Amino acid sequence: MVASRLAIALFTAVIVVVFSAKHPSPSYASCSGYFSDVTPPQTIRIYHNNPLKGADYQIYTRDFKTYVKESLPLEWDVGWQQASLQAGAIAVKQFAWDWVNNSPGGPGCYDVDSTTNFQVWAPCPGPYCNTTVATNYAVEQIWNWLLNRSGAIYPTFYKAGYSSDACGYFYGDRQANMDDIDDGNEMSQNGTQACAVAPGPYQYSWAQIVATYYNNFAVAGDHGYGQSHAAMGWGPAPWTPVSISSIGGGSVWNFTATGATSH
Numbered sequence: 002m003v004a005s006r007l008a009i010a011l012f013t014a015v016i017v018v019v020f021s022a023k024h025p026s027p028s029y030a031s032c033s034g035y036f037s038d039v040t041p042p043q044t045i046r047i048y049h050n051n052p053l054k055g056a057d058y059q060i061y062t063r064d065f066k067t068y069v070k071e072s073l074p075l076e077w078d079v080g081w082q083q084a085s086l087q088a089g090a091i092a093v094k095q096f097a098w099d100w101v102n103n104s105p106g107g108p109g110c111y112d113v114d115s116t117t118n119f120q121v122w123a124p125c126p127g128p129y130c131n132t133t134v135a136t137n138y139a140v141e142q143i144w145n146w147l148l149n150r151s152g153a154i155y156p157t158f159y160k161a162g163y164s165s166d167a168c169g170y171f172y173g174d175r176q177a178n179m180d181d182i183d184d185g186n187e188m189s190q191n192g193t194q195a196c197a198v199a200p201g202p203y204q205y206s207w208a209q210i211v212a213t214y215y216n217n218f219a220v221a222g223d224h225g226y227g228q229s230h231a232a233m234g235w236g237p238a239p240w241t242p243v244s245i246s247s248i249g250g251g252s253v254w255n256f257t258a259t260g261a262t263s264h
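Residues in the sequence shown are numbered from 2 upward in steps of one, following my numbering.
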């Protein structure tokens, strides 16, 4: 479960640097000096300070996709449906990417730590590694996709939510209502599984799950971009646009694509 910067910002008594979801210019000096709203970073720097996952208080420079594969099964239930795991994979990927873009520079800097302040992580191989064929597959299936608002990636906040969360709900609150600060900005992990196991036409793909939760109507230009999953490589930009559109009177959100596959 990730500790959302959105939630942290509400508690002004806590002394913490809160970064704006509005992205700085590409000249912004992050920890590594990397910035892109188009191409994910090659590496990520992780401060391994999670005592529950064998903390050694060292900074690791990790291949970015490897990091996502190692973090996902420590954040999501590995036995959940593939659509839920894929929704989790893009959330883990994009949340980390946003921190690479926006982490502070300086000696000994890092992009994320390995606790719930960011995302739970432990290296593989190792005693706390929890990767499975299913979670690795989920990462590969979403790897060619990104989400953006007005041309910039954004932090994909998520928390466990209630175990009883239905699809589209976050701690019992229906996200489409847009009646509080987290609506359209945070995803319930339990809710993603509810979406994935719903019967018949109500069973959602990962794209539908993502569009259900990250659907901030107040932000113009909310889009996903991607390639067919068969490609499994980034290839040249631009990618096929995948727009989020309202159906059913705005109560259901879905990805629609032309010339792209959105499983």
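Each residue gets a CB set at the ideal place from its N, CA and C atoms; glycine is no exception.
Values in this document were obtained by computation on a predicted structure and should not be read as measured data.
Item: contact_flag[the region 64 to 77, the region 124 to 142] where n(CB pairs < 8 Å) is 3 or more; Value: yes
Item: Reduced DSSP category for S37 - H, G, I as helix; E, B as strand; rest coil; Value: coil
Item: Y170 vs S189 beta-carbon contact at 8 Å; Value: yes
Item: Beta strand (DSSP E) segments (min. 3 residues) lying fully within the region 58 to 133; Value: 60 to 64
Item: Three-state secondary structure assigned by DSSP to I47; Value: strand
Item: Whether E187 touches Y159 by CB criterion (8 Å); Value: yes
Item: At least 3 beta-carbon pairs within less than 8 Å: the region 108 to 120 vs the region 195 to 211; Value: no
Item: Residues of its chain near T62, where Cβ-Cβ distance is below 7 Å and the 5 sequence neighbours each way are ignored; Value: T44 and R46
Item: Residue of W146, A90 and A123 minimising C-alpha distance to L53; Value: A123
Item: Rounded straight-line distance, which links the Cα of Q95 to that of G185; Value: 16 Å
Item: Assigned secondary structure, A153 (DSSP; H/G/I helix, E/B strand, else coil); Value: strand
Item: Neighbour-count burial assignment, P41, 16 or more Cβ in a 10 Å radius; Value: buried
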